[in-house]
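**Q** Start counting the sequence shown at 182; every next residue gets the next number (this note's numbering). Backbone N, C-alpha and C fix where the C-beta goes; we use that ideal spot for every residue, glycine too. Predicted model only: the values in this text are computed from it and were never measured. Pasting in a structure now, in structure tokens, and then I'll have a few things to ask.
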Amino acid sequence: MQYSAGLRRSAAVLVAAAAATVLMTGCGPADDGAAGTPPATPAASVPAAPTPTGGSSTGGGGASPTGGSGGTAPTPSASAPGGGTKPCTVGEVKVSDAQQAAVRPPGTGTGAAVFSVANGSKHACTLTGYPTVAGAGNGSPEKNLPLATTHSGTASTVTLTPGARAWTKLTFVNVQGEADGYCVSGATPASFPTLVIGVPGAGSHQIAMTDGVFAECDNKVTVSAFSAAKPS
Numbered sequence: 182m183q184y185s186a187g188l189r190r191s192a193a194v195l196v197a198a199a200a201a202t203v204l205m206t207g208c209g210p211a212d213d214g215a216a217g218t219p220p221a222t223p224a225a226s227v228p229a230a231p232t233p234t235g236g237s238s239t240g241g242g243g244a245s246p247t248g249g250s251g252g253t254a255p256t257p258s259a260s261a262p263g264g265g266t267k268p269c270t271v272g273e274v275k276v277s278d279a280q281q282a283a284v285r286p287p288g289t290g291t292g293a294a295v296f297s298v299a300n301g302s303k304h305a306c307t308l309t310g311y312p313t314v315a316g317a318g319n320g321s322p323e324k325n326l327p328l329a330t331t332h333s334g335t336a337s338t339v340t341l342t343p344g345a346r347a348w349t350k351l352t353f354v355n356v357q358g359e360a361d362g363y364c365v366s367g368a369t370p371a372s373f374p375t376l377v378i379g380v381p382g383a384g385s386h387q388i389a390m391t392d393g394v395f396a397e398c399d400n401k402v403t404v405s406a407f408s409a410a411k412p413s
């Protein structure tokens, strides 16, 4: 009886071991699918449909972002030059020496003188306004003596083609008498071998008289507006 009980216990142990083996074998393939089943083939990638030429990538068939319907964007036109003819600059003008005017106040001094500003460039330029006048101070700008100016006539723009001239007239308080002369005001007459002329927008220029020196009284001068016509 004892032997038979031992055999039954051994058989029970074998049965339990076999059952455990079956259970362990059955657990493996359950995680990844049924045994022997091939893995699923991934779906093929579908290429995106191309955007139609000339249309918006968001659909709608409107004008393309380049500004045209299926074409190249137009090139912006260059800005049109504006302002017309430019004012004359210091490097473009040539100022002539002065000569006595035909019409001048009575007296023995300079009385009145005319001079011109010529366009020395290869393109047209403009000149507008009145000159400034100073007696040259022996080559030193600090010693120049500005003359009080009175404007005569209405300033207008003069267009100078290459080589063309604009004219102005200087009318002084004239010196009276002979020799050194005298001034009606009682002031002492002044004389300058050269004058420094300021041309609007075109710098300062030193000029002389073609026949003598500039002699005047009271350090005053009346200046006419620049004009295409030579004043008398």
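Counting contacts by CB-CB distance shorter than 7 Å, is T331 in contact with chain D?
**A** The chain inventory of the structure shown lacks chain D, comprising one protein chain alone.
**Q** Which residues does DSSP pair with K350 in a beta bridge?
**A** The count along the sequence shown starts at 1 and reaches residue 350 at position 169. V295.
**Q** Is E397 helix, strand or coil by DSSP?
**A** Translated into positions along the sequence shown, residue 397 becomes position 216. If DSSP states are grouped into helix, strand and coil, E397 belongs with the strands.
**Q** Count the CB pairs spanning the stretch 330-347 and the stretch 360-375 that are closer than 8 Å, and state whether there are at least three.
**A** The stretch 330-347 vs the stretch 360-375: no contact.
**Q** Alpha carbons only, please: which of Q357, D278, L326 and K401 is nearest the one belonging to T349?
**A** Reading the sequence shown from its first residue, position 168 is the one you call residue 349. Measuring from the Cα of T349, the nearest candidate turns out to be D278.
**Q** Should S405 be labelled buried (16 or more other beta-carbon atoms within 10 Å of its own) or exposed?
**A** One-based indexing of the sequence shown puts residue 405 at position 224. S405 should be labelled buried.
**Q** Would you identify the three-state DSSP class for P370, choosing helix, strand or coil?
**A** By 1-based counting over the sequence shown, the position of residue 370 is 189. Note: P370 maps to coil in three-state DSSP.
**Q** So what does A315 bridge to, in DSSP terms?
**A** Locating residue 315 in the sequence shown gives position 134, counting from the first residue. BP columns for A315 point to P327 and V377.
**Q** Would T266 and T340 be called neighbours here (beta carbons separated by less than 7 Å)?
**A** Here the question's residue 266 lines up with position 85 in the sequence shown. Here the question's residue 340 lines up with position 159 in the sequence shown. Closer than 7 Å, so yes.
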